[in-house]
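For reference, the structure is listed below as structure tokens.
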Amino acid sequence: MRSIPAARREEHLKQVLGIIIEGLDDKDLIFPSIIDIRLSNDLSVAKVFVSFFKKPNKGLEKLVSATNYIKKQLALYLKWRKIPNIIFKLDEVMEEGLKIDMIIKNIQSEKKPNI
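Sequential numbering from 5 applies to the sequence shown in my numbering.
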């Protein structure tokens with residue numbers, strides 16, 4: 005379980021990153037959403053889980069290429085002693101949920117008696 009100060013930092017980082025990413029002018033970043041952020045215990049690394057409306061791999065590639073710019077912007081917004089290294093990852097929970105939903109629907113349709 006995350007401590008309250010760590011959870012607050014993660015939430016604050018999520019809000020600030022959202023503002024910075026929204027300000028990026030790139031046509032491949034179609035509706036990026038920050039799903040979750042996990043800070044390491046020493047606050048040196050932040051794993052940022054993102055999803056995109058379209059072109060998720062291309063969007064992730066663009067975010068990764070803008071990491072240095074994003075980190076510089078974070079230094080302007082945050083008054084932390086050390087700005088964490090940012091690692092962007094695609095959040096695949098939605099896709100996994102859709103797969104599980106399809107499996108359940110298939111099982112339910114197989115169990116229905118043919119009348």
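Cβ atoms here follow ideal geometry from the backbone N, Cα and C, with glycine treated the same way.
Values in this document were obtained by computation on a predicted structure and should not be read as measured data.
Evaluate residue i with the Cβ neighbour count: other Cβ atoms within 10 Å of its Cβ, from every protein chain shown; 16 or more gives buried, anything less gives exposed.
| i | result |
| --- | --- |
| VAL68 | exposed |
| ARG13 | buried |
| PRO88 | buried |
| ILE108 | exposed |
| ILE8 | exposed |
Assuming residue i and residue j are in contact, meaning their beta carbons sit under 8 Å apart, how far apart are those beta carbons, in whole angstroms?
| i | j | result |
| --- | --- | --- |
| ILE91 | VAL49 | 6 Å |
| ALA70 | LEU102 | ALA70 to LEU102, Cβ: 29 Å. No contact. |
Between the Cα of residue i and the Cα atoms of the options, which residue gives the shortest distance?
| i | options | result |
| --- | --- | --- |
| VAL20 | SER7, VAL52, LYS59 and ILE104 | VAL52 |
| ASN44 | LYS86, VAL97 and LYS115 | Checking the sequence shown, residue 44 turns out to be Ser, not Asn. Cα-wise, what sits closest to SER44 is LYS86. |
| VAL23 | ILE38, LYS31 and PRO9 | The residue asked about is misnamed: residue 23 is Ile in this sequence, not Val. Among ILE38, LYS31 and PRO9, the Cα nearest to that of ILE23 belongs to ILE38. |
| LYS93 | ALA11, ALA10, SER55 and LYS31 | SER55 |
| SER33 | ASP95, PHE57 and SER113 | Correcting the residue type first, residue 33 is Leu in the shown sequence and not Ser. Nearest C-alpha to LEU33: PHE57. |
| PRO60 | MET106, PHE35, ILE25 and SER7 | PHE35 |
| ASP40 | GLU15, PRO9, ILE74 and GLU99 | GLU15 |
_Tell me whether the segment 59-66 and the segment 78-86 touch, counting them as touching only if at least three CB pairs, one residue from each stretch, are closer than 8 Å._
Cβ pair count under 8 Å is below three, so no.
*May I have a chain-ordered list of the beta strand (DSSP E) segments no shorter than 3 residues that lie completely inside the segment 61-100?*
Qualifying beta strand (DSSP E) stretches, in chain order: 89-94.
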